[in-house]
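These notes concern the structure reproduced below.
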Amino acid sequence: MKRMIAGAVVAAMAVLMAATPAEASDPLAALKSKLRAGKGVTFTEATSHVDDTGTTTFLKRTGKMQFGKSGIVASDITADFKRYQGGIFDHMYRLRSGRTIWVGGKTYSTAPMLHEVPEGKKWVREPLGTTGGWLGTFAQVVNPAEPATLKVLLKGKKQGRTYSGKITYSALAKVSPWFRVSSPFSEKEKTVIEYKLTLGADNLPKKLVTSHLASSHVAEGVEVGDGKFSTETRYERWGARVSISAPPKSQVAS
Numbered sequence: 001m002k003r004m005i006a007g008a009v010v011a012a013m014a015v016l017m018a019a020t021p022a023e024a025s026d027p028l029a030a031l032k033s034k035l036r037a038g039k040g041v042t043f044t045e046a047t048s049h050v051d052d053t054g055t056t057t058f059l060k061r062t063g064k065m066q067f068g069k070s071g072i073v074a075s076d077i078t079a080d081f082k083r084y085q086g087g088i089f090d091h092m093y094r095l096r097s098g099r100t101i102w103v104g105g106k107t108y109s110t111a112p113m114l115h116e117v118p119e120g121k122k123w124v125r126e127p128l129g130t131t132g133g134w135l136g137t138f139a140q141v142v143n144p145a146e147p148a149t150l151k152v153l154l155k156g157k158k159q160g161r162t163y164s165g166k167i168t169y170s171a172l173a174k175v176s177p178w179f180r181v182s183s184p185f186s187e188k189e190k191t192v193i194e195y196k197l198t199l200g201a202d203n204l205p206k207k208l209v210t211s212h213l214a215s216s217h218v219a220e221g222v223e224v225g226d227g228k229f230s231t232e233t234r235y236e237r238w239g240a241r242v243s244i245s246a247p248p249k250s251q252v253a254s
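Take the sequence shown: its position 45, counted from the start at 1, is 45 in full-length UniProt numbering, and no numbers get skipped.
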């Protein structure tokens, strides 16, 4: 009897061990296992303008996203914007470096685009409620921390741990709440995003590179050349404890 029980235990362990690699090999399952309330992920990224004359990096961001039962519920992003002149950069004169907190559907910024932060205050409520303020529309708008978005990205051409393909703004808007909030005026646009997503050994998103025409950020007919915006984002600390809250009311301009 003891031998029979021991044999059954060994067999059960073998089944569990065999199932583990299969589960881990599924990127969607790996992501969903990290989406727990009070947990999140951190990221760093750089956005550049690329054309025939070369590559100009004008925006760097670091940040973290907090997960909840409904998906991504908050973000805290610090942006370092470097000003240049000529071409598309002449249409970015209102943008400034700063920190943006998005939580509870509200956006708080230390560098609002349309007005200054009043004396004695540190933050201003942004009216559109975007995740990264207006500056965020020039940064990474594709978010692989969303299962529905990751599922679409995984349909791209696979080479090793890297998936590459294309997706339009309008198609992304259908599956990504993050995109709809980050770029509220882009849901019906046909702008094409080229992407290259690389997974880590844990099958979680490790690096995402996207690019699209810079001209999509200006009115039709405005000549800014055929350059592209390219953003490289790196993700770390999946499942780490993250807690993001709104700034103290005393520091926010009413």
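Glycine included, each C-beta is placed from N, C-alpha and C at the ideal position.
Note that this is a predicted model, so its numbers are computed, not measured.
Distance between residue j and residue i (C-alpha atoms, nearest Å)
| i | j | result |
| --- | --- | --- |
| F179 | V141 | 6 Å |
| S170 | K190 | 6 Å |
| R36 | A30 | 12 Å |
| E69 | I101 | Per the sequence shown, the amino acid found at residue 69 is Lys instead of Glu. Taking the straight line joining both Cα atoms gives about 19 Å. |
| A246 | G120 | 18 Å |
| G200 | G156 | 17 Å |
| Q66 | Y235 | 13 Å |
| D76 | R241 | 14 Å |
7 Å Cβ shell around residue i - same chain, five flanking residues per side excluded
| i | result |
| --- | --- |
| V175 | A148, T149 and V152 |
| G105 | G129 |
| T55 | S48 |
Own chain, CB closer than 6 Å to residue i, minus 5 neighbours either side, in chain order
| i | result |
| --- | --- |
| G87 | V224 and G225 |
| V209 | K196 and E232 |
| K60 | A46 and D80 |
| S186 | Y169 |
Local conformation of residue i per DSSP, three classes
| i | result |
| --- | --- |
| T78 | strand |
| D226 | coil |
| P27 | helix |
| K121 | coil |
| K206 | strand |
| F138 | helix |
| Q251 | helix |
| K158 | strand |
| P21 | No answer about P21 holds up, because its pLDDT of 43 lies below 50 and its placement is not dependable. |
| L172 | helix |
| S186 | coil |
| M1 | Because M1 carries a pLDDT of 47, less than 50, the predicted location of this residue cannot be relied on, and no value is offered for it. |
Endpoints, alpha helix (DSSP H) assigned at residue i
| i | result |
| --- | --- |
| R180 | P177 to S182 |
| L153 | P147 to L153 |
DSSP bridge partner residues for residue i (one or two, in chain order)
| i | result |
| --- | --- |
| S211 | E194 and S230 |
| H91 | Answer by DSSP bridge pairing: none, since H91 is not bridged. |
| A46 | K60 and E232 |
| K166 | E194 |
| R241 | K39 |
Range covered by the beta strand (DSSP E) that runs through residue i
| i | result |
| --- | --- |
| I101 | G98 to V103 |
| K69 | Note, K69: premise wrong, no beta strand (DSSP E); not H, not E. |
| T131 | First-last for T131: undefined, no H or E at that position. |
| S109 | K106 to S109 |
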